[in-house]
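To keep things clear, I will list the structure first and then write my remarks on it.
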Amino acid sequence: MATVDGIPESGSTCYIRLRKQSSVKPGHPIRLQDVAEVIADDAWHAKLKEIVLKDPKPSDGNVVLIDMMQITRLIKAIYPKMTIECFGQPHTLVEVAATVKKPNVALIVLVWLLLFFGSGLAIMNFHADVSMLPVHKRIVELLTGRKDANPFWFQACYSIGIGLGMVVFFNHFFRKKFNEEPTPLEVEMFLYQENLNQYMITEEYKRLRKEDLKRE
């Protein structure tokens, strides 16, 4: 019976949980420890983590799909009698990316200005469409008992209220969050990333299927 440090191979079990997404630097092979959490006997743990799953090539693009079946096939090729238990999702996406570049301050300022003035114009156009000024005049008349052609004090309070309402709604003031709940923007970004990952996984499976058909 094959053994390593006195531990029989046939009695060993490897537990694997794939991460949703991970990344490696260009030119580096993708190892099991890069994409998954691995639990195994001490005699096998280090060896399993160092198993090379794929050596990305430029033709593979900047995203590589690693499938649990691929991992199982590689482990079984090295340790045929080992039992493999998988938890969680059956695949993971690996991004082949270089070191993150520092943000461009000028571009950030430009985007901020575009968003600031764009959102301001959108709010003003909305108020014009719903005739907000006559509504404000009527509210002031109801509150004070007299007509005011330019209720600036009421409009100023209303504008401040819009700003405070946006801060409360987005649960964010610059880098400070008021509680641990995700903001609506974070939820939307999460859903977008989930849909994007699912699309990429589907496309990668199609590509792998085509490659398998070509080999046949």
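Okay, so the sequence shown: first residue is 92 according to our numbering, each after it adds one.
Cβ atoms here follow ideal geometry from the backbone N, Cα and C, with glycine treated the same way.
Buried versus exposed, by CB contacts within 10 Å (16 or more), residue 105
buried
Kindly indicate the opening and closing residues of the alpha helix (DSSP H) around residue 163.
159–169
Given this structure, state the Cα-to-Cα distance separating residue 201 from residue 266, to the nearest angstrom.
19 Å
Ordered along the chain, which non-local residues of its own chain (more than five positions away) have a Cβ less than 7 Å from that of residue 136?
129
Is the segment 168–181 close to the segment 277–285, with three or more CB pairs under 8 Å?
no
Rounding to the nearest angstrom, what Cα-Cα distance links residue 182 and residue 154 in this structure?
13 Å
Can you list, in chain order, the residues of its chain with a C-beta nearer than 7 Å to that of residue 262? Leave out the 5 residues immediately preceding and following it.
268, 269, 270, 272, 274
Helix or strand or just coil, what does DSSP make of residue 180?
coil
Helix, strand or coil for residue 107 per DSSP?
strand
Within 10 angstroms of its Cβ, does residue 168 collect 16 or more other Cβ (buried), or is it exposed?
exposed
Taking 7 Å as the limit between beta carbons, can you name the residues of its chain near residue 147, skipping five residues before and five after?
121, 155, 187
Please report how far the alpha carbon of residue 236 lies from the alpha carbon of residue 222, in whole angstroms.
21 Å
By DSSP, does residue 267 sit in helix, in strand, or in coil?
strand
So, under 8 Å CB-CB, residue 109 and residue 159 are touching, yes? Tell me the CB distance rounded to an integer number of Å.
6 Å
Can you name, in chain order, every residue of its own chain whose Cβ lies under 6 Å from the Cβ of residue 152, other than the five neighbours on each side?
none
Just list the residues that DSSP pairs residue 229 with in beta bridges.
In DSSP, residue 229 forms no bridge with anything.
Determine the DSSP secondary structure at residue 237, reduced to helix, strand or coil.
coil
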